[in-house]
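There are 4 protein chains.
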Amino acid sequence: MLCNQTKIRVIYADTDAMGIVYHTNYIKWFEIGRGELFRQMDMTYAWVEEQGYGMPLTEVYAHYLSPAQYDQLLLVETEIGYVKRASIRFNYTIWDEFREKALVEGHSVHAFVDQSRRIVRIPSFITDRIKQLEQTGGSHGG
Amino acid sequence: MLCNQTKIRVIYADTDAMGIVYHTNYIKWFEIGRGELFRQMDMTYAWVEEQGYGMPLTEVYAHYLSPAQYDQLLLVETEIGYVKRASIRFNYTIWDEFREKALVEGHSVHAFVDQSRRIVRIPSFITDRIKQLEQTGGSHGG
Amino acid sequence: MLCNQTKIRVIYADTDAMGIVYHTNYIKWFEIGRGELFRQMDMTYAWVEEQGYGMPLTEVYAHYLSPAQYDQLLLVETEIGYVKRASIRFNYTIWDEFREKALVEGHSVHAFVDQSRRIVRIPSFITDRIKQLEQTGGSHGG
Amino acid sequence: MLCNQTKIRVIYADTDAMGIVYHTNYIKWFEIGRGELFRQMDMTYAWVEEQGYGMPLTEVYAHYLSPAQYDQLLLVETEIGYVKRASIRFNYTIWDEFREKALVEGHSVHAFVDQSRRIVRIPSFITDRIKQLEQTGGSHGG
Chain A
0 MLCNQTKIRV IYADTDAMGI VYHTNYIKWF EIGRGELFRQ MDMTYAWVEE
50 QGYGMPLTEV YAHYLSPAQY DQLLLVETEI GYVKRASIRF NYTIWDEFRE
100 KALVEGHSVH AFVDQSRRIV RIPSFITDRI KQLEQTGGSH GG
Chain B
0 MLCNQTKIRV IYADTDAMGI VYHTNYIKWF EIGRGELFRQ MDMTYAWVEE
50 QGYGMPLTEV YAHYLSPAQY DQLLLVETEI GYVKRASIRF NYTIWDEFRE
100 KALVEGHSVH AFVDQSRRIV RIPSFITDRI KQLEQTGGSH GG
Chain C
0 MLCNQTKIRV IYADTDAMGI VYHTNYIKWF EIGRGELFRQ MDMTYAWVEE
50 QGYGMPLTEV YAHYLSPAQY DQLLLVETEI GYVKRASIRF NYTIWDEFRE
100 KALVEGHSVH AFVDQSRRIV RIPSFITDRI KQLEQTGGSH GG
Chain D
0 MLCNQTKIRV IYADTDAMGI VYHTNYIKWF EIGRGELFRQ MDMTYAWVEE
50 QGYGMPLTEV YAHYLSPAQY DQLLLVETEI GYVKRASIRF NYTIWDEFRE
100 KALVEGHSVH AFVDQSRRIV RIPSFITDRI KQLEQTGGSH GG
């Protein structure tokens with residue numbers, strides 16, 4: 000199963016006056032996880048765009064289980080939830096650095112579009128790459 | 000029905016290199032809508048905190064229908080979705096300035112906690128205020 | 000003298016775990032002030048771009064005098080500092096809502112560029128508009 | 000000379016509709032550099048706070064030389080500019096990943112305060128640590 004793990008250090012910019020990480024910042028870190036998962040699949044999202052595709056978000060969800068604090072080291076875990084004809088879902092879990100406590104769980108759904116922002120079938124260079132990696136057990140970066 | 004409408008002007012800080020508003024910023028604007036709905040109920044969220052309560056997010060969801068652009072004027076519409084024993088849900092729609100096209104729909108769920116972050120029953124000064132406003136048809140600010 | 004005054008309400012997203020507004024957010028509000036100053040001059044920055052120009056920042060400075068808190072109403076005051084051949088400077092003061100206490104003072108310097116990002120002379124439709132408004136005493140929006 | 004080098008990967012959240020990194024995000028990365036410089040000195044800023052001190056910004060400046068793009072890898076270089084009786088200055092340069100082209104140069108000045116936000120002399124556990132590291136040539140992390 001394709002799974003990426005990326006570390007994030009919380010800075011003051013990420014926190015709010017309640018003394019914890021402001022809720023939209025976890026969703027911003029979902030983007031980091033997603034980008035690093037692509038890189039682990041030997042692609043980059045920038046390269047997907049160069050091929051003439053875009054992947055705008057159609058949906059995002061986050062479930063907040065436990066707050067993160069300033070200077071905490073977090074682990075963002077990203078997996079592909081599903082690949083449909085014209086959309087793709089990523090699942091995320093944000094953990095403490097030891098992967099003992101899940102702090103936030105969530106997902107995002109993305110449409111595939113061409114340069115005129117029309118919805119298109121996911122190009123085979125992506126679906127093939129995912130199938131191939133799933134068969135071989137995927138790669139596990141860090 | 001309690002409903003707040005607040006206007007937001009998109010600035011460059013809110014946009015991304017796709018030329019549209021970055022997806023977490025709509026969720027940040029949900030906070031503005033929620034804060035203004037409280038103000039319209041003759042409370043402020045700051046005052047709720049002074050009474051010894053907090054309302055941390057437990058859940059947030061956004062469905063992206065159509066992107067907003069730089070300098071666009073948007074309308075954030077906020078309603079109370081439900082009030083349960085220890086949690087409250089807000090529903091949001093972000094519209095173009097003429098309220099003709101919904102751009103983003105979403106909701107957030109919040110727990111009520113005391114100063115030690117223990118979940119508590121929603122204080123009656125809030126539930127009474129909401130009931131009273133719903134009976135009188137609520138107020139409509141802008 | 001051209002001067003714009005725009006109000007900003009501090010939300011949780013703007014604050015940090017020190018309990019005050021995170022320092023880069025004041026600089027983001029400088030952008031709001033600058034945009035509203037253009038609007039007060041019967042232009043928009045979006046329209047300047049449609050004419051084929053850009054105004055990338057070359058410099059920004061902020062001096063922090065006193066911190067702003069969650070839910071505080073602030074006044075962003077923006078003036079043109081100077082207009083040179085190919086650059087323009089804006090000066091900003093962020094006040095409490097009663098304009099009694101200056102919280103942040105700063106400035107930004109912007110180059111004028113064409114669509115290939117080459118530095119160009121400021122177009123006369125802008126310099127003429129500024130001169131004209133300065134002679135007539137400018138307009139004072141809010 | 001104490002100098003920290005930390006790498007940052009630009010994500011969409013950092014960019015704006017001009018297709019480049021939004022200017023306040025470089026200043027947010029100054030915070031990352033500063034935090035990592037402390038860590039390299041075998042302290043953390045969080046620990047300094049636990050000792051009863053704060054280091055609020057009094058001044059920040061950035062000079063923008065060349066824009067960074069989506070997915071670019073950047074190098075944030077942070078040095079101590081000066082240490083005065085009650086204030087400290089950090090100097091920053093943000094480079095491309097190969098340290099060939101400086102993109103942004105800047106600095107921040109911080110006051111030392113106690114828990115009541117009164118300005119105090121910098122504690123000797125910090126000044127001694129800096130002096131000691133400067134004599135031994137400092138450490139070079141990455």
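Residue numbers (numbering that gives the first Met the number 0), protein chains in the order written: chain A, 0 to 141; chain B, 0 to 141; chain C, 0 to 141; chain D, 0 to 141. Using N, Cα and C, we set each Cβ at its ideal position, and we do this for glycine too. As the structure is a computational prediction, the values presented were derived from the model and not from experiment.
Return the CA-CA distance between A/A101 and A/Y21, expressed in angstroms with no decimal places. 16 Å
Local conformation of D/G34 per DSSP, three classes: helix
Hey, is A/G140's beta-carbon within less than 9 Å of any beta-carbon in chain D? Any answer about A/G140 is weak, because its pLDDT of 45 lies below 50 and its placement is not dependable; what the coordinates show is given next. So no, A/G140 is outside the interface.
Measuring CB to CB, does C/F111 end up less than 9 Å from C/R120? yes
With 16 as the cutoff for other CB atoms within 10 Å, does B/D15 come out buried or exposed? buried
Run the CB neighbour count on B/G141, radius 10 Å, all protein chains shown included, and call it buried at 16 or more, exposed below. Any reading at B/G141 is ruled out, since the residue's pLDDT is 40, under 50, leaving its predicted position unreliable.
For D/W94 and D/V75, I'd like the C-alpha separation in whole angstroms. 6 Å
Helix, strand or coil for A/Q4, going by three-state DSSP, please let me know. strand
So, is the C-beta of C/I31 closer than 9 Å to a C-beta in chain B? yes
Buried or exposed: A/Q114, going by 16 or more other Cβ atoms within 10 Å of its Cβ? exposed
Three or more C-beta pairs under 8 Å: does that hold for the segment 52-66 of chain A against the segment 3-11 of chain A? no
From B/H109 to B/R116, what distance separates their C-alpha atoms? 12 Å
Use the C-beta contact count for D/G80: other C-beta atoms within 10 angstroms, 16 or more gives buried, fewer gives exposed. exposed
Where do the N-terminal and C-terminal ends of the beta strand (DSSP E) with C/W59 fall, by residue? Just to set this straight, residue 59 of chain C is Val in the shown sequence, not Trp. It spans 56-63 - the beta strand (DSSP E) in which C/V59 sits, taken as one unbroken run.
Return no unless some Cβ of chain C is closer than 9 Å to the Cβ of B/T43. yes
Just to make sure I have the definition right: I need the residues of chain F whose C-beta is within less than 8 Å of the C-beta of A/A12. Which are they? In the structure shown, chain F cannot be found, because the protein chains are A, B, C and D.
Using a C-beta to C-beta distance shorter than 7 Å, which residues of chain B count as neighbours of D/Y69? A16
A/S107 by DSSP, collapsed to three states: which one? strand
Check whether the Cβ of D/Y63 lies closer than 9 Å to any Cβ atom in chain C. yes
Less than 9 Å between the C-beta atoms of C/F89 and C/L132, yes or no? no
D/D127 in three-state terms, based on DSSP: helix
Could you say which of B/Q50, B/G51, B/P55 lies nearest to B/E30 if we only look at CA atoms? B/P55
Span of the alpha helix (DSSP H) holding B/Y44? 44-49
For D/Q68, the nearest candidate out of D/P122, D/R33, D/Q39, D/E96 (CA to CA): D/E96
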